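In UniProt numbering, the protein residues as written are 1 to 421.
Yeah, the Cβ is synthetic: ideal placement off N, Cα and C, and Gly gets one too.
Bear in mind that the values here come from a model prediction, so they are computed numbers and not experimental data.
Structure, as structure tokens:
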């Protein structure tokens with residue numbers, strides 16, 4: 001238990017040198033009886049007179065910091081040193097929550113610092129308020145779509161090979177128009193900032209402590225995720241047509257951070273439109289046809305829809321090991337509809353499910369599944385769309401195959417909210 005009024009300051013110390021530490025941060029270091037932080041943070045304040053002779057613990061893990069504080073009640077003021085700013089992709093968020101819940105009698109405060117994004121923007125004589133911000137520190141984050149849709153995107157690199165992986169992804173999606181500004185070891189004596197295209201920038205330029213500004217001169221400014229049929233790479237694989245896709249995507253009621261299964265993905269048209277619906281949406285495109293698997297990859301690249309993960313195999317077996325879905329679209333089930341539904345509902349009982357059925361046999365499977373309770377509160381819509389084709393000076397309507405769209409399940413608080421007046 002923490003003694004009453006013991007004070008713990010979570011201090012953002014900036015880039016890592018005393019030159020970028022604020023006066024408020026330096027005051028917290030001067031007032032502290034003990035300093036805690038990763039070794040690099042402690043080294044950053046080593047030359048400050050305010051830090052001279054103070055006990056210090058080289059530690060960044062929350063539980064160990066908590067244990068140390070509990071075992072040293074004699075320290076009335078403790079400064080925990082963190083890089084950058086405490087409110088921007090900082091360990092202060094998790095640590096502050098932990099200390100606040102476990103040491104409720106302590107006074108805990110956060111002291112902001114200068115974030116690497118702010119520093120690099122200033123060094124490049126540009127603003128950061130109009131930029132997207134993505135952290136790639138220690139995780140495999142989807143960022144291609146974000147770079148594609150914004151004139152400026154800051155990428156916070158860190159961890160092993162993060163810079164190399166980021167460059168490889170940009171090159172994989174052939175984003176040759178992107179200009180990269182990479183800042184390494186910002187504020188240190190060997191600080192280095194280089195600019196160039198994705199082919200001019202080397203892996204060494206983005207290695208280690210690095211932040212990148214990716215500038216896109218021609219961002220995708222479209223506000224709608226719908227794509228015309230002729231924009232997709234087709235091959236000889238069946239594709240869900242635009243009119244059916246529009247209704248099916250609407251019935252999915254996609255949400256932020258949605259995890260979508262597209263089962264029987266074909267060319268990947270539904271996968272692409274689902275992925276384009278939000279930069280934080282992940283789509284697992286499940287397909288057993290090797291030609292179709294290849295087409296999904298081509299369309300993912302063409303539309304820069306890096307939120308798509310391609311799963312080669314037949315459902316439900318191919319779903320093993322995937323994270324639980326929030327939304328499921330079934331465009332083809334190969335006669336395994338009920339088995340697929342059972343697998344999905346076992347893992348995610350509140351998943352929103354949309355099924356497309358063209359054949360009467362599939363409709364029969366749907367009705368059986370509904371009777372068995374696998375499609376809760378099922379809603380069935382039939383789409384019969386026609387398109388005009390020109391014959392001489394006349395335009396004749398040509399009907400497409402009628403498609404049944406079955407939607408069911410989902411959380412009652414998910415999707416769009418409608419207010420009654």
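For residue 397, the enclosing beta strand (DSSP E) has its first and last residue at 394 to 399. If you draw a straight line from the Cα of residue 131 to the Cα of residue 90, it is about 19 Å long.
Taken atom to atom, the span from the alpha-carbon of residue 296 to that of residue 162 is near 26 Å. For residue 204, the number of other beta carbons within 10 angstroms of its own is below 16, and it is reported as exposed. Restricted to the segment 182 to 270, the beta strand (DSSP E) segments that are unbroken, complete and at least 3 residues in length are 192 to 197, 210 to 215 and 259 to 263, listed in chain order. Residue pairing by DSSP places residue 404 opposite 357 and 382 in a beta bridge. For residue 332, the secondary structure class from DSSP, reduced to helix, strand or coil, is coil.
Shown here, residue 114 sits in coil according to DSSP, grouped into three states, outside any helix or strand.
Under the three-state reduction of DSSP, residue 37 is assigned to strand. In this structure, the beta-carbon distance from residue 108 to residue 304 does not fall below 8 Å. For residue 153, there is no enclosing alpha helix (DSSP H); the enclosing beta strand (DSSP E) covers residues 152 to 156.
In the displayed model, residue 65 falls within a helix according to three-state DSSP. For residue 9, the enclosing beta strand (DSSP E) covers residues 7 to 12.
In this structure residue 267 is not in contact with residue 331, their Cβ atoms being roughly 10 Å apart against a cut-off of 8 Å. When 28, 211 and 105 are compared, the shortest CA-CA separation from residue 112 is found for 28. In the assembly as shown, residue 360 is an exposed residue. Its beta-carbon has fewer than 16 other beta-carbons within 10 Å. Proximity of the segment 177 to 196 to the segment 226 to 233 falls short of the contact definition, fewer than three beta-carbon pairs being nearer than 8 Å. Going by C-alpha positions, residue 398 is about 38 Å away from residue 174. Its chain contains 48 and 50 as the residues whose beta carbon lies nearer than 7 Å to that of residue 26, once the 5 sequence neighbours on both sides are disregarded; these appear in chain order. DSSP places residue 127 outside both helix and strand once states are collapsed to three, so it counts as coil. Residues of the same chain with a CB within less than 6 Å of the CB of residue 95, apart from the 5 flanking positions on each side, are 62 in chain order.
Pairing residue 157 with residue 206, the inter-Cα distance amounts to about 8 Å.
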